[in-house]
Each structure stands twice: as structure tokens, then as C-alpha cells.
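In our numbering, each number is its position in the sequence shown, counted from 1, plus 28. Report on the following structure.
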Amino acid sequence: MSTERPFIEDIGRYDGQEVTISGWLYNKRSSGKIWFLLLRDGTGILQCVVSKKDVNEKVFQLYDELTYESSLKVNGLVHADRRAPGGFELWVNDIEVLQIAKDYPITPKEHGVDFLMDHRHLWIRSLKQNA
């Protein structure tokens, strides 16, 4: 059975279906047995939910290894949830790490103007800059 590979902007068309999304890690947070990834692909941002009960131990242990802007291929079930960015989230069953990014300098904390200008090529990717 082949899995669809949609862009994030089209994810709503796949509600209830298994898909594979390729993109870059935009943000992550954990609350123990469940963690959340925000994945972006140039068309939008998708919340991916990783539950310890739904993935193998090797996948669940990836959390500490993943850095901002790492390239990932995430497979899972699309689920409508009004709390998620864009109204949909991906319930993950597998993650393939394509490339771990090295020390991405732009983080959610505040940075000075000089620092941001030195890293402008990265700063323009942020939602704050696009606002």
C-alpha cells in the first residue's frame, strides 16, 4: 500500500488517511510520554504528535537528538483538531531523520538586532519576521 505525500497546505484533504510529510523541524516540546513537533515544508506548519505507545522505542528516543531545522520525513495519520495550527495534526507512527542540522542559531528567545542581521538568511524564515 503506497502512502500519499501531500504538502502541508493540502493536509486537510487527507483527514483520516495515512500520509508521509517531508519538512524541517520548526519547534518541539515534550511532556513525558508524548511530544510534539512543528514541521514546516514551505507551504505551512503542521503539528505532529508522537506518543510513546504509537511508535517504537528507537523513534521515541529521537527527541533529544532532533535540532531546529533538521530534515525529517514523518509518517502518520491525519487527524482534525481545532487546537492544532491549521486545524489538523499528524499522529505519528514513524520518523525518518534525513539530516540533523548543526547548531541552528535562531531560537524562540529574543535576539539583538546585530545578531539577527548577521543571521538574516535564517531570520527571514521565522514567523515573527514574516508578521
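Glycine included, C-beta positions come from ideal geometry on N, C-alpha and C.
The beta carbon of P34 lies closer than 8 Å to those of R41, Y42, V47, I49 in the same chain, with the five residues before and after it left out. Remark: C-beta atoms of V78 and I62 approach each other more closely than 9 Å. Between the alpha carbons of Q127 and R110 lies a distance of about 31 Å. Taking C-beta atoms as the reference points, L100 and G51 count as a pair closer than 9 Å. For S58, same chain residues with a beta-carbon under 7 Å away, outside a window of 5 residues either side, are Y91 in chain order. Per DSSP, V83 is not a residue of any beta strand (DSSP E), being assigned neither H nor E. Excluding five sequence positions before and after A108, the CB atoms of its chain that fall closer than 7 Å to its own CB belong to D43, G115, F116, given in chain order. Non-local beta-carbon contacts of V83 in its own chain, meaning distances under 8 Å to residues more than five positions away in sequence, involve V120, N121, D122, I123 in chain order.
Here the alpha carbons of Q75 and F64 stand approximately 7 Å from one another.
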